[in-house]
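Student: Going down the list, the protein sequences come from chains A, B and C. Residue 252 in the numbering used here sits at position 252 of the first sequence, and the numbers go up by one each step. Each number in the numbering used here comes from the position in the second sequence (counting from 1) with 549 added on. Each number in the numbering used here comes from the position in the third sequence (counting from 1) with 879 added on. Yeah, the Cβ is synthetic: ideal placement off N, Cα and C, and Gly gets one too. Once you've had a glance at the structure underneath, I'll fire off some questions.
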Amino acid sequence: MATAAVAPPVERENYLNKHYGAWSWLLTTDHKRIALLYLVSITFFFFIGGLFALLIRLELLTPAGDLVQADTYNKLFTQHGMVMVFFFLIPSIPAVLGNFLVPLMIGAKDLAFPRINLLSWYIYITGGILMLHCMITGGVDTGWTFYTPFSTAFTNTKIVEAGLAIFVVGFSSILTGLNFIVTIHRMRAPGMTWSRLPLFIWAHYATSVIQILGTPVIAITSVLVVAERVLHLGIFDPKLGGDPLLFQHLFWFYSHPAVYIMILPSMGIMSEVIACYSRKRIFGYNFVALSSIAIAVFGFLVWAHHMFVAGISVYAALIFSILSYAVAVPSAVKVFNWTATLYKGSIHYDAPMLYAFGFLGLFTIGGLTGLFLAALGLDVHLTDTYFVIAHFHYIMVGGAVMGYLAGMHFWWPKISGRMYPEMWARLAALIVFIGFNLTFFPQFLLGYVGMPRRYYQYPPEFQVLNVLSTAGATVLGVGYLLPMIYFLWSMRYGKPAPDNPWNAAGLEWKTPSPPTTFNFEQEPVVTWEAYNYEELDAPQHKQEVPVVR
Amino acid sequence: MFDNFPLWPARASTMAGNVDALYIFLVIVSALMTGLIFVAIVYFAARYRKQEGVLAEQIDGSTPLELTWTIIPFFVFMVIFLWGAVVYFKEHTPPRDATEVYVVAKQWMWKLEHSEGQREINELHVPVGRDVKLIMTSQDVIHSFYVPAFRMKQDVLPGRYTMAWFRATKPGTYHLFCAEYCGTQHSGMIGDIVVMEPAQYEAWTSGSSTGPLSATGEKIFGELGCSTCHRADSQGRGPNLQNVFGKPVELADGRTVMADENYVRECILDPGSRRVKGFQPIMPTFQGLVSEEQVNALVAYVKSLSKAATPGTNTAEAASPSDAASGKAR
Amino acid sequence: MSDNSVAATSPAHHHHHHNPALLHHFATEQQQKDSADLGMWIFLATEVMFFGGLFCAYLIYRRAYYGDFAAASSSIDAALGGTNTAVLICSSLTVVLAIWAAQTARRGLLIVMLILTMLFGCAFLGIKGKEYKDKFVEHHVPGASFSFEHEPIPGHPGEYANPVHAEIFFALYFIMTGLHAIHMIIGLGLFTWLLWAAWKGRFTPEYHTPLEIGGLYWHFVDIVWIYLFPLLYLIDRH
């Protein structure tokens, strides 16, 4: 880590220094700058959501409700969920890494609709401001799932504003998805056929399909909830002839596919990272690509597995259970393919790869526990308990966030033109892995033993497991703070990055670090397959000499 | 298990063992799968660690392998699905002749009424070895009746009945939790299920006073004037309610429905939508005029007018599949 | 096997004169047009899902409360609704003619067709306004002053609709037609811009993509109405 803090060398022009000034950022249409705008915003919301999580875990150190009041606690877990789901997890990888990399990876100068891309960010910010204002002026306490009739007729918290915030931010997601689909279809460089696309692109394509088809449903559902609340309608209220289960169906019709929006991009990153640090093509490329599409399709068919005890018919439950097992298969196939990629590879243990290893383990556990919940007879006992919380945190945090961190490390040199400190990064990966397991594994046990979720106070026999979980959360928090600190540090003091520090495959690595505004001097013509590590590592192709500045 | 480090709750019902068996099977399958992946990753990562001069071997894939690791997990998943489905069916098939307890959930307490008449708040006393069927509704928002020791959970909805059943096997006191977030005191909406030896339970029962729920229902039936139209001699302007419960009923709009608890409840609260064929649409609605407890009592009374319903009898007969249809909410 | 280099010539840097409307990140005008087309189709797919949730809720309640919905449906004016349907179909025709005018370089006709389209759109909104006003006067707007007592169920003499269920019909009626009307208004805004651009001579037979995608949007709004009309206005009518 002995990097002398020299004055930055006179830099060649790149997308970061081409224009200076706030307006050049706020009115940019460069997909790379928009990615950074998103990076700052989603990190901000991650902090907010994380702060709520910290308070929740502090409260749960003791069985009694003694840190905050019941109503406050209810707002804490609600807002933790809403902020993390809608303002961090859903946008994170697509809006940051997707925006930055999709055009680069396919050889395009920008996304198909750069101005819509910027609009997308502004919509996100508007939704974010609405949400912040809502939280500051009282918040909501319905749970992020805002079930009716509690949310429409009983609670007196700020449902209308939260509903509006979710409605607005949904359009950000829709427009990003729309942009990616058109870009991937229409703007691939000559020779970049579908079967030569990086799996990151396939993953984002599948994600975008879910975004455009699912998000409008949550939008209209929030409209109906707000309308019902304001006008005292009876669409979801049984006292007025409505059906509370209709709300649940509409809500979960989006919110289940939403979890695939959160995990698919991370899976895309896994393919890139594992291929690079094994120095070989991903095993079973076609199957991995197809699995992404299969997950997107099947993901729309399983929503009522959140409703097995809600009062649906036994026969409906059977159908949704069997479909839930079907959707598990492509995820398993991907894990097997990634593992098989390691066979006879040349494995490097750089930080992104450590995060990838962590992902493989944690996603496997999270996915397997999904099988528990899809089993009808067992779900009756486990649903609405901490088992579910542990399951989805394993996938969303152990999976999606680990993937996000892997990607941020992997592409940081490209994005910033700087190297991050490798040893600190490996340490952080280890801390995150340990902290994560300590936080969430006890929650599986808590769930089976019967602790319901959204509980502010609990019977004393659950305390030991809760204390372990809180201890883990503090470790996890440290693990997350470290990258934030050293990434910032690296922007000033990090070693200048070569164009392709990892000698990785992919068009994005053929641009300078950081790239110029228009990405490629000339439109690339692709004549090679994806993950051409054989050529990259062949003895006559040495590591590129860093471009002289 | 261990007092402070519990791994699973007490097993206190006939279903608990079934659920635990499936759980343990899944734990084993998961441990094996996790172990397999873990060992593979660690072994490959170590064995194929980068070495000077050694290149990775490019392997495109292997379709036979892909098919293998697609089809085998799929079969394992189908086994788990079937097992889970069988357990679920059992959980949703209350035995005939189960003792009925009416539950009304409200923010933030449980009100229970045995069909023999005892009323309880946040507590439910039951004897060991008796089938108990819960007929539940909510006064306000969605709640969920959860007894970990019985591995039993069912959401409790406003506007209709949902059912659950159990047979307790071990005396003791077990947690009752509300498992669907319902507002400020959601985590305070807890109680106890007190399972007693039959003799103790008899003693406890004889201590109560109000008389069977169906008798209360009969009283309300008279007070509200129901008996004016629903006469037992079939001369009234409404259908005779003798032997109606538990049997199919043909409605004026052509549909045939089962006369279950939800049907009776809807007849009281929204008669226009449930009019029986051959009768005029003249029944007034009692929405807002009766409490949930009164509706429960009326339902119990209508049930008592049918021969099949004799609450309190404990038989060892297997549950009838038709109960699944009659007792199940939409 | 392959050449790893990126250096290959491409059409993007030929210094030929191209349409000022070509945006810099596209390689060719065809690519730009194809992207715009695909983008609009995808956007319309999202709109289908958006309205879809409402249609789903509507169909479920209609099945559950058929008689009450039939009574409520017979209280909205099918003649006005039918007129609106004809108005929108005509407006879609004028849109098609506008695009044809652009394709055949008939600027005058293009402008006339655009104006006609917008007039039809305004007519639609005006008729809708009249319908809403009627509902307001009859106290059929859900809320505190809602009243639907003693309304007969069509085909069932002596039976009257349950006002609670009828209110659900009207809630969905206003939300669905209201959302549709908002889309109409947005469409009018779009067409105002298209009219201005046509006036400035921006559209040629080689380039009139905004007209095409604006037209797609307008047709979609029309199609939504064509579903709304029979579903809402024509329950159990003979």
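#1: In whole angstroms, what is the alpha-carbon distance linking L581/B and P421/A?
#2: Distance cutoff 8 Å, beta carbons only. Does G821/B sit that close to anything in chain C?
#3: In the DSSP assignment, find the alpha helix (DSSP H) that holds V744/B and state where it starts and stops.
#4: Report back the beta-carbon spacing between F100/A and A35/A to the nearest angstrom; my notes put them in contact at under 8 Å.
#5: Distance, Cα to Cα, L989/C vs T1083/C?
#6: My assumption, with CB atoms under 8 Å, is that G214/A sits in contact with A162/A. Please give the rounded CB distance.
#7: For C731/B, which of helix, strand or coil comes out of DSSP?
#8: Residues of chain B with CB under 9 Å from Y1041/C, in chain order?
#9: Touching or not, the region 138-158 of chain A and the region 673-693 of chain B, by the rule of three or more beta carbon pairs under 8 Å?
#10: Which residues of chain B have a Cβ atom closer than 8 Å to the Cβ of E1028/C, listed in chain order?
#11: In whole angstroms, give me the CA-to-CA distance for G358/A and F336/A.
#12: Hey, does A2/A have any beta-carbon neighbour from chain B nearer than 8 Å?
#13: Where do the N-terminal and C-terminal ends of the alpha helix (DSSP H) with M82/A fall, by residue?
#14: Residues of chain A with CB closer than 9 Å to the CB of W714/B, please, in chain order.
#15: Are K495/A and R418/A touching if we call contact CB-CB under 8 Å?
#16: Where does N466/A sit, in a helix, a strand or coil, going by DSSP?
#17: Per DSSP, K702/B forms a beta bridge with which residues?
#18: Determine the direct distance from the alpha carbon of P761/B to that of L556/B, and round the result to whole angstroms.
#19: By DSSP, does T864/B sit in helix, in strand, or in coil?
#20: At what residue ranges does the region 332-375 of chain A contain a whole run of the beta strand (DSSP E), taking only runs of 3 or more?
#21: Using a C-beta to C-beta distance shorter than 7 Å, which residues of chain A count as neighbours of G774/B?
#22: Between L102/A and F180/A, is the Cβ-Cβ spacing less than 8 Å?
#23: Let me know if M627/B comes out buried or exposed under the rule of 16 or more other beta-carbons within 10 Å of its beta-carbon.
#24: What residue range does the beta strand (DSSP E) around D680/B cover?
#25: Please report the residue range of the alpha helix (DSSP H) in which R942/C lies.
#26: Whose C-beta lies closer than 6 Å to the C-beta of S763/B among residues of the same chain, with five residues either side of it excluded?
#27: Using the three-state DSSP reduction, which class does L673/B fall into: helix, strand or coil?
#28: Quick check on this structure: which residue in L468/A, A505/A, F520/A, P198/A has the alpha carbon closest to the alpha carbon of G284/A?
#29: Going by alpha carbons, who is nearest to S579/B out of A429/A, L371/A, G49/A?
#30: What residues from the region 80-114 of chain A come within 9 Å of chain C, judged by C-beta to C-beta, listed N to C?
#31: My parser needs the alpha helix (DSSP H) runs of 4 or more residues fully inside the region 412-497 of chain A; what are they?
#32: Using CA atoms only, rank isn't needed, just tell me which of R941/C, K1014/C, W979/C is closest to I955/C.
#33: Would you please verify whether the beta carbon of P613/B is less than 8 Å from any beta carbon of chain C?
#34: Suppose you measure from the CA of D1101/C to the CA of E1010/C; what does that come to, to the nearest Å?
#35: With C-beta atoms as the reference, is Y695/B less than 8 Å away from G345/A?
#36: Any beta-carbon of chain A closer than 8 Å to the one on A950/C?
Tutor: So, to answer that:
#1: Between the alpha carbons of L581/B and P421/A lies a gap of roughly 37 Å.
#2: Chain C contact via Cβ: present.
#3: From DSSP, V744/B is part of no alpha helix (DSSP H) but of the beta strand (DSSP E) over 740-745.
#4: The pair is a contact, with the Cβ atoms about 4 Å apart (cut-off 8 Å).
#5: Looking at the two C-alpha atoms, the distance is approximately 11 Å.
#6: Actually they do not touch by this definition, with Cβ atoms about 19 Å apart.
#7: C731/B falls in the coil class under three-state DSSP.
#8: Note that residue 1041/C corresponds to Asn in the displayed sequence, not to Tyr. Those are D819, G821, S822, T834, listed as they occur along chain B.
#9: Under the Cβ criterion (8 Å, minimum of three pairs), the region 138-158 of chain A counts as touching the region 673-693 of chain B.
#10: Result: empty, since nearest Cβ-Cβ is about 13 Å, beyond 8 Å.
#11: Across the structure, G358/A and F336/A are spaced so that their CA atoms are roughly 15 Å apart.
#12: Because A2/A sits at a pLDDT of 48, beneath the cut-off of 50, its placement in the model cannot be relied upon, and the following sentence gives the value as read from the coordinates. False, the Cβ-Cβ gap to chain B never drops below 8 Å.
#13: Its alpha helix (DSSP H) spans residues 70-82.
#14: Ordered by position in chain A, no residue passes the 9 Å Cβ test against W714/B, which lies about 12 Å from the chain.
#15: Yes, Cβ-Cβ distance for K495/A and R418/A is below 8 Å.
#16: It is helical.
#17: DSSP output for K702/B lists Y695/B as bridge partner(s).
#18: Roughly 41 Å between the two C-alpha positions.
#19: With a pLDDT of 36 at T864/B, under the threshold of 50, the modelled position of this residue cannot be trusted; read the value that follows with caution. In this structure, T864/B counts as coil in the three-state DSSP scheme.
#20: Those beta strand (DSSP E) runs which fall completely within the region 332-375 of chain A and span 3+ residues do not exist here.
#21: By Cβ distance, chain A contributes nothing, its closest Cβ being about 24 Å from G774/B, past 7 Å.
#22: Reading off the sequence, residue 102/A comes out as Val, not Leu. Closer than 8 Å, so yes.
#23: With fewer than 16 Cβ atoms within 10 Å of its Cβ, M627/B is classed as exposed.
#24: Going by DSSP, D680/B is part of the beta strand (DSSP E) stretching over 680-687.
#25: First-last of the alpha helix (DSSP H) with R942/C: 908-943.
#26: Once the five neighbours on either side are set aside, the close Cβ partners of S763/B are A849, Y850, S853.
#27: The three-state reading of DSSP puts L673/B in strand, counting E and B together.
#28: Closest by C-alpha distance to G284/A, out of L468/A, A505/A, F520/A, P198/A, is P198/A.
#29: Nearest of A429/A, L371/A, G49/A to S579/B, Cα basis: L371/A.
#30: Near chain C, meaning a CB-to-CB distance below 9 Å, the residues of the region 80-114 of chain A are P103, G107, A108, K109, D110, L111, A112, F113, P114.
#31: Qualifying alpha helix (DSSP H) stretches, in chain order: 422-449, 463-493.
#32: Proximity to I955/C across R941/C, K1014/C, W979/C peaks at K1014/C, based on C-alpha coordinates.
#33: False, the Cβ-Cβ gap to chain C never drops below 8 Å.
#34: Per the coordinates, the alpha-carbon of D1101/C lies some 18 Å from the alpha-carbon of E1010/C.
#35: No.
#36: For A950/C, the answer is no, since every Cβ of chain A falls outside 8 Å of its Cβ.
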